[in-house]
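Protein chains in written order, with the numbering used here: chain A, 552 to 1195; chain B, 63 to 313.
Glycine residues also receive a C-beta, built at the ideal position from the N, C-alpha and C atoms.
This is how it looks when you write it as structure tokens:
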């Protein structure tokens, strides 16, 4: 099968406008004859569902939380990029495009990224019109700050809660459509299978998480906006419920999964403190605007510090190594996330890490507080400082924060073409659930941008092009394809409930997370990956032999919910390992130890790996089939990324 | 630490519930309250008992999904904190901790500690938005907003919709929640067009859902994990009275 990205012809800057003209339109009076299903109601899903409703389509939206306002987009802290150039500091659509392509280590699609940069401008307008309370200057105009991987201030923000405010904007637009009756909302409902009729996605099978009832929903198109799969690692910055089940089950029905090994490890998380820990908490990248990252210059000083013989304040300025500022003078502490994470790991591996485990570096605000005063720092980052204090019981105004990299965002996802359609006609993927815009590394403040771009400004145009070619007739939910999918879901649930083994779901999940972090985490090598593959297979066999799921299907059963998700992670983990093993190069969030420069920087192999690895499912335990989409760079030159 | 937990167990909406006592051992002070419940649940599972159902998701204090009435207080003894951000260092060894679901007629129990807060969504659907379609909006900087107003609107907008205000109120009133959204949108220039109908419709829906009346005692604001101010309730009252006095809501 040849993967057709459907990138429009013509110059980069004109592709999207030309495409918008070329797509087929659905007459407004006919839009009500089409039904669209949206799974997931974060930034991408809520904005898409609301906009489809505004256009006149009938929409059914689904989320597993009790309200769409709880989607994990809510937790994004720092900001959202847009090439507004309000600061007059040299920003432009092309510069945002260029920074994103470079930041992604040249493994993203040029046309998609350019479109993202173009519509970024409209997103801010849209959100402001909805009443999103962005930060303002005293003159009443919007304020900006800068983020990693960029040398301009293009990040719009709402204190440290930008994600929450943007999501509330999309949620309110969604509420308006729910009130109008154009969107029917199904909270506490989880998609467990995709239904394909005559080769087209025509519906989903879901479980009502309160009653356990298995239900089918039919539509003309299905949009998956289900977020990322970082929870495969168990410990991550994702919400506990974030999962890959909807996307993974679509993959098992034929949708290709692209670049699964591209996992972003975020450099500024609160370090792990104990065995019991259930999740990791991120400290916004925006903190690195003012915070300085350092560790002791020598292993000896670090050891004394860890033993408690000396305190942080005892370390003289001359004995501190501000390693990011030293190695990357141009970008300093604002180097992209992959670079900052890798360097934190390097200094900790050298034995210079701090904290009781030695797996932490300092993020120090002393200079900023001296320069601007504590009040100014509190105004910018106050809620983040409070959050840090609550979790660690330490006052970050008085002593530097301890941070360490953690699993954050997954750049891989379902393969989509320029229209955001997967290789299954009628099945779309948006936001973090698709793969297309971030390459091997996502720059800060660009996830929110992509989610809203896809939902507000891309899908509403492209989905019409597909629907316009489709007859209006609906597939009834008693169609054999629905019945068959329902039966498969019921059997799987029954099987999970009947094993009655000895090990808990969390126990398996933690074991999988350990394997993934140790062998497919911040650094990978061929030997480790081969070992991990065997370990995951063993663990998966054991899961299906020995997992313990209590209760029954016909009730609120959180253990059964988790068991379904972990069963899918156990399969997805193996694909991530396969993908990492296939990619014999280092790029962005994928660092293969065998491929690095003498300065420990990622060493790409553009000759052999300038492609998207799109994997086809061939059965559990079988080797997946690799399809390649060659990436063409016509507007930027592939160079070694340098932030020095 | 070793603790004794008294936990509300209820099979479903229609079954009666009861308090059940569980001892837990070896709790680290660095655990979050929910991690402590995770430990208990793992233990229950291994023994073949049903784990306790409770709501949680982001565990970063922002999604608003976690709830829990702990020792008679919404989100527990620490002020300005959600249950997921409450750490066991605030409890002492040997303590008995009582854990109940939110108690309000408008928040029926689904199971154990999980309650149905969909009434909040319906109140938002009644008018908690600005009617603007995607696209065709003015440039963002064409709507200048003085920083002081933007900051006030932001403060109101930080409500995480957790329901602690309702749980803390003796009348199970939703006034603090409703006032936060009404204030945010009434303060902003974008929110003016629907200012009157919004407050009328949201308050009407609040009453339909069965939330009680506000008596200005202020336990809602005292227990709010994100510090939504009582000033918002004052503003809601002003908004409501002025809307009613000049009603455009002809329905």
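Judged by DSSP in its simplified three-state form, residue 1164/A adopts strand. In the DSSP annotation of this structure, the continuous segment of the beta strand (DSSP E) that includes residue 609/A starts and ends at 609-613. Close to residue 726/A, with beta-carbon spacing below 8 Å, are these residues of chain B in chain order: 183, 186, 187, 190 and 191. Against residue 693/A, the close residues of chain B are 202 and 203, in the order they occur along the chain (beta-carbon pairs closer than 7 Å). Secondary structure at residue 885/A: helix, using DSSP grouped into helix, strand and coil. Under the DSSP definition of a beta bridge, residue 830/A lacks any partner. DSSP places residue 85/B in the uninterrupted beta strand (DSSP E) bounded by 80-86. Relative to residue 807/A, the option among 1166/A, 1176/A, 889/A and 1188/A whose CA is nearest is 1166/A. Shown here, residue 70/B sits in a strand according to DSSP, grouped into three states.
Counting only runs of 4+ residues, the alpha helix (DSSP H) found wholly inside the segment 125-206 of chain B occupies 180-187, in chain order. About 5 Å separates the beta carbon of residue 1007/A from that of residue 598/A, a gap short enough to meet the 8 Å contact definition. Less than 8 Å divides the Cβ of residue 579/A from the Cβ of residue 607/A.
Across the segment 1099-1125 of chain A, CB contacts with chain B closer than 7 Å involve 1099, 1101, 1102, 1106, 1107, 1109 and 1110, in sequence order along the chain.
For residue 76/B, no Cβ of chain A is located within less than 8 Å of the residue's own Cβ. At least 8 Å separates the CB of residue 742/A from every CB of chain B.
In the structure shown, the three-state DSSP call for residue 768/A is strand.
A contact between stretches requires three or more CB pairs, one per stretch, nearer than 8 Å, and the segment 1049-1067 of chain A meets this requirement with the segment 776-789 of chain A. Restricting attention to 136/B, 112/B, 295/B and 93/B, the CA atom closest to the CA of residue 287/B is found in 136/B.
Restricting attention to alpha helix (DSSP H) runs no shorter than 4 residues, the segment 701-759 of chain A encloses them at 713-731, ordered along the chain. Take residue 582/A, set aside five residues on each side of it, and the residues of its chain with a beta-carbon closer than 7 Å to its own are 606, 607 and 608, in chain order. At a cut-off of 8 Å between beta carbons, residue 244/B makes no contact with chain A.
In this structure, residue 888/A places its C-beta atom within 8 Å of the C-beta atom of residue 699/A. Judged by DSSP secondary structure, residue 971/A falls outside any beta strand (DSSP E); it is assigned neither H nor E. For residue 1143/A, there is no enclosing beta strand (DSSP E), as DSSP gives it neither H nor E.
From the beta-carbon of residue 180/B, the residues of chain A found nearer than 8 Å are 617, 618 and 738.
For residue 1046/A, there are no C-beta contacts with chain B under 8 Å, since the nearest C-beta of that chain is about 18 Å from it. Counting C-beta pairs with one atom in each stretch, the segment 768-782 of chain A and the segment 710-717 of chain A have fewer than three that are closer than 8 Å, which means they do not touch. For residue 857/A, the enclosing alpha helix (DSSP H) has its first and last residue at 850-858. Neighbours of residue 195/B in chain A, taken as residues at a C-beta separation under 7 Å, are given in chain order as 605. Look at residue 959/A here: in three-state DSSP terms it is strand.
Of all residues in the segment 932-944 of chain A, those with a C-beta nearer than 9 Å to a C-beta of chain B are 934, 937, 938, 941, 942, 943 and 944, reading in chain order. Residue 1130/A sits buried, since 16 or more C-beta atoms from the chains shown fall within 10 Å of its C-beta. Interface flag for residue 982/A against chain B is unset, since no Cβ pair is found closer than 8 Å. The residue from 570/A, 1076/A and 982/A with its alpha-carbon nearest to that of residue 965/A is 982/A.
For the segment 1009-1036 of chain A, the beta-carbon criterion of a distance under 8 Å to any beta-carbon of chain B is satisfied by 1011. Two segments are said to touch when three or more pairs of C-beta atoms, one from each, lie closer than 8 Å; by this definition the segment 1090-1110 of chain A touches the segment 758-770 of chain A.
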